[in-house]
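Residue numbers (the numbering used here), protein chains in the order written: chain A, 1 to 250; chain B, 251 to 304; chain C, 305 to 526.
Cβ coordinates follow ideal geometry from the N, Cα and C atoms, glycine included.
Each remark here refers to the structure printed beneath this line.
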Amino acid sequence: MSVLSKAFWLKLSSPKTFFPFAGKAVPVFAIITLFLATISLYYGFILAPTDYQMGDSYRIMIVHVPAAWMSMWLYLVMCAYAIIGMVWRTRLSDMMAGAIAPTGAMFTFLALWTGALWGKPTWGTYWVWDARLTSELILLFLFFGFIALRAAIDDEKRAARASALLACVGIINVPIIYFSVKWWNTLHQPMTVDTSGKATLPTEMLTAMLLMTFAFWAYTFAVSFMRVRNQILEKEKNSAWVAETLGGEK
Amino acid sequence: MNLPSFLDMGHYAPYVWGSYGVVVGFMLIEVVLLVTKKRSLTKSIARLARLNRE
Amino acid sequence: MISVLRWLVWREFTLALRRKAEILTTLLFFVIVVSLFPLGIGPEINTLREIAPGVLWVAALLASMLSLNRLFADDFIDGTLEQLIISSQPLALLVFGKIVTHWSLTGLPLVLISPILGMQLGMDGDSIVVLMLTLLVGTPVLSLIGAVGAGLTLGVRGGGVLLSLIILPLYVPVLIFGAGAVESVQAGLGAEAHFSLLGAFLIGSLILAPVGAAAALRISLD
Numbered sequence: 001m002s003v004l005s006k007a008f009w010l011k012l013s014s015p016k017t018f019f020p021f022a023g024k025a026v027p028v029f030a031i032i033t034l035f036l037a038t039i040s041l042y043y044g045f046i047l048a049p050t051d052y053q054m055g056d057s058y059r060i061m062i063v064h065v066p067a068a069w070m071s072m073w074l075y076l077v078m079c080a081y082a083i084i085g086m087v088w089r090t091r092l093s094d095m096m097a098g099a100i101a102p103t104g105a106m107f108t109f110l111a112l113w114t115g116a117l118w119g120k121p122t123w124g125t126y127w128v129w130d131a132r133l134t135s136e137l138i139l140l141f142l143f144f145g146f147i148a149l150r151a152a153i154d155d156e157k158r159a160a161r162a163s164a165l166l167a168c169v170g171i172i173n174v175p176i177i178y179f180s181v182k183w184w185n186t187l188h189q190p191m192t193v194d195t196s197g198k199a200t201l202p203t204e205m206l207t208a209m210l211l212m213t214f215a216f217w218a219y220t221f222a223v224s225f226m227r228v229r230n231q232i233l234e235k236e237k238n239s240a241w242v243a244e245t246l247g248g249e250k
Numbered sequence: 251m252n253l254p255s256f257l258d259m260g261h262y263a264p265y266v267w268g269s270y271g272v273v274v275g276f277m278l279i280e281v282v283l284l285v286t287k288k289r290s291l292t293k294s295i296a297r298l299a300r301l302n303r304e
Numbered sequence: 305m306i307s308v309l310r311w312l313v314w315r316e317f318t319l320a321l322r323r324k325a326e327i328l329t330t331l332l333f334f335v336i337v338v339s340l341f342p343l344g345i346g347p348e349i350n351t352l353r354e355i356a357p358g359v360l361w362v363a364a365l366l367a368s369m370l371s372l373n374r375l376f377a378d379d380f381i382d383g384t385l386e387q388l389i390i391s392s393q394p395l396a397l398l399v400f401g402k403i404v405t406h407w408s409l410t411g412l413p414l415v416l417i418s419p420i421l422g423m424q425l426g427m428d429g430d431s432i433v434v435l436m437l438t439l440l441v442g443t444p445v446l447s448l449i450g451a452v453g454a455g456l457t458l459g460v461r462g463g464g465v466l467l468s469l470i471i472l473p474l475y476v477p478v479l480i481f482g483a484g485a486v487e488s489v490q491a492g493l494g495a496e497a498h499f500s501l502l503g504a505f506l507i508g509s510l511i512l513a514p515v516g517a518a519a520a521l522r523i524s525l526d
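Here it is as structure tokens:
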């Protein structure tokens, strides 16, 4: 059955078919991750020159910027899966939404952490209450809320739908929070964190950041597939096909 | 470009390596947790299958 | 439809007034939390005046949030909620009725007692008026958004704390503009922009929150 046929994708939405498919995909994505990350770091650490103003600390951007992008993208993807699961009632979509959440939260945390460590040498402070950082922090809380709500509800279907609704409410809020804090900042005239310097980044750095972003995507695919496989195993413990498939994969 | 000056990162070593260390560390932890979970699930399923056969 | 709403509101009030203590606890919590700040920070009146808008607003946020559990819990336990859901009346309307009564018993008292607390923290007359207005416009928004969270966490273990974790991030814009309006007036500037946004939040949540809360209830009680 060709990957391009609709039948393939429909069949894939059943956990039973998805399980072996994902199992084969994980190592592929893992290799892609390591490959892209290595090239990215080569560009970023070996090829890219030391920045005149920021020194070598700006190399943190190679992971900081992709992590921030991932945190936002993953929230959207998580929402999309949650909505698909709610509307089309596909269990696998619900599982994917739940599988992406921890990785999304992790990238959000990493964005905040690397941002703080980059901010200290560059602007003298670990943290500032500007719109971007504050929204990112709230995004972390939104991820936690999603995960916590899901974990607290025992009934799987209810957990999936409740967290889906929460995710949608959150998504409306993120832009509102961003603009609220931005506006609030213009009144309080805080320290202006000048990020316009991004425009003068050497191409090697930009290449490194782009490659690292793809590496993070490949990583997310690998890790999410692993998580979904674990979820499937947990739910279908007693099914006959599970024991057979596991025996085959070993 | 020699190793000591590379590691020093223009005196920004703690920031740069502190960042990368945490990034790599968290990703490894995530992977390890998932692999461990899979192993324990596989074990319990094998045990169930054995019990069912008896 | 209006008569149903009127009936529901009347019912809510009757039930709530039978348990007056519950209404008072929210109010007392608000008062206590605000009083803790001078004790923790020191009695320097200028410092207190500066932080007063933020303190009052955060306390209002917390008090509002703690009272949310009672919005649906009682009806959930005795089965009334299920009846409301399967009734032929639009659920969003019924939810709206519940939210209105809930707010008038938990949010409105906060608005009314805020002048006293404002004076405790050294605020002047103009600021206190603005404070009351922001709370008047803002606390309904808190009740409306909170209702969605309350619906989602109905009957869930660790409900109260979980509700806080879910709802507090969503409260941030209201906090920013509510407290911001008062700070602005304290600094001698105007607060029209703040009020426009608070008003926008109110209208937006009036339209969307009852629907969202109704959806949350259906998810929880299915």
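- In this structure, A48 of chain A and M205 of chain A form a Cβ contact; the two beta carbons are roughly 5 Å apart against a cut-off of 8 Å.
- Interface with chain A (9 Å Cβ-Cβ cutoff): V285 of chain B is included.
- Around W241 of chain A, the same chain offers K16 as residues with beta carbons nearer than 7 Å, after the five sequence neighbours per side are excluded.
- Listed in chain order, the positions of the region 145-163 of chain A with a beta carbon within less than 7 Å of a beta carbon of chain C are G145, A148, L149, A152, I153, R158, R161 and A162.
- Looking from the CA of L201 of chain A, the closest CA among A:W183, A:T213, A:M61 and A:L12 belongs to A:M61.
- Under the Cβ criterion of 9 Å, V87 of chain A is not counted among the residues facing chain C.
- For W123 of chain A, the uninterrupted alpha helix (DSSP H) segment begins and ends at R91 to W123.
- Annotated three-state conformation of D51 of chain A is strand, per DSSP.
- The C-beta separation of A483 of chain C from W361 of chain C comes to about 4 Å, placing the pair in contact by the 8 Å criterion.
- The shortest CA-to-CA distance from S392 of chain C to any of C:E348, C:L343 and C:V308 is the one to C:V308.
- Taking a contact to require three or more Cβ pairs closer than 8 Å, the region 134-150 of chain A and the region 117-126 of chain A do not qualify as touching.
- The three-state secondary structure of G492 of chain C, taken from DSSP, is coil.
- A direct Cα-Cα distance of roughly 20 Å separates Y42 of chain A from Y52 of chain A.
- Annotation: the continuous alpha helix (DSSP H) that includes Y270 of chain B extends over A263 to R303.
- Contact annotation for I470 of chain C against chain A: G145, A148, L149 and L166 [CB-CB distance below 8 Å, chain order].
- Contact with chain C is absent for L34 of chain A, since none of that chain's Cβ atoms lies less than 9 Å from the residue's Cβ.
- Counting only residues of its own chain and dropping the five nearest sequence neighbours on each side, L233 of chain A has a CB closer than 7 Å to the CB of V242.
- Against chain A, the CB of D428 of chain C has no partner CB under 9 Å away; the residue lies outside that interface.
- Taken through DSSP and simplified to helix, strand or coil, D155 of chain A comes out as coil.
- Taking 9 Å as the cut-off, the Cβ atoms of A485 of chain C and L437 of chain C count as close.
- A Cβ-Cβ distance of about 18 Å is found for the pair A97 of chain A and V460 of chain C, leaving them out of contact under the 8 Å criterion.
- Counting C-beta pairs closer than 8 Å gives fewer than three between the region 428-448 of chain C and the region 334-351 of chain C, which falls short of the contact rule.
- Within 7 Å of the CB of V460 of chain C, the CB atoms of chain A belong to A152 and I153, in sequence order along the chain.
- When Cβ pairs closer than 8 Å are counted between the two stretches, the region 508-524 of chain C is seen to touch the region 400-407 of chain C, the count reaching three or more.
- Across the structure, M427 of chain C and Y178 of chain A are spaced so that their CA atoms are roughly 30 Å apart.
- Residue nearest to Y75 of chain A within the set A:P102, A:V181 and A:G55 is A:P102 (criterion: CA-CA distance).
- Look at S180 of chain A: its C-beta is under 9 Å from a C-beta on chain C.
- At least one CB of chain C lies nearer than 9 Å to the CB of I176 of chain A.
- Contact annotation for W184 of chain A against chain C: I480, F481 and G484 [CB-CB distance below 9 Å, chain order].
- Under the three-state reduction of DSSP output, G23 of chain A falls in the helix class.
- The Cβ atoms of A363 of chain C and V338 of chain C sit closer than 9 Å to each other.
- With contacts defined by Cβ atoms closer than 9 Å, I100 of chain A and T220 of chain A form a contacting pair.
- Excluding the 5 residues flanking it on each side, L365 of chain C has same chain C-beta neighbours closer than 7 Å at L446, Y475 and L479, in chain order.
- Residue A:L110 holds the alpha-carbon nearest to the alpha-carbon of E280 of chain B among A:W73, A:A68, A:M86 and A:L110.
- Note on geometry: alpha-carbon atoms of A30 of chain A and V272 of chain B lie some 19 Å from one another.
- Boundaries cannot be given for T200 of chain A, as no alpha helix (DSSP H) includes it and DSSP labels it neither H nor E.
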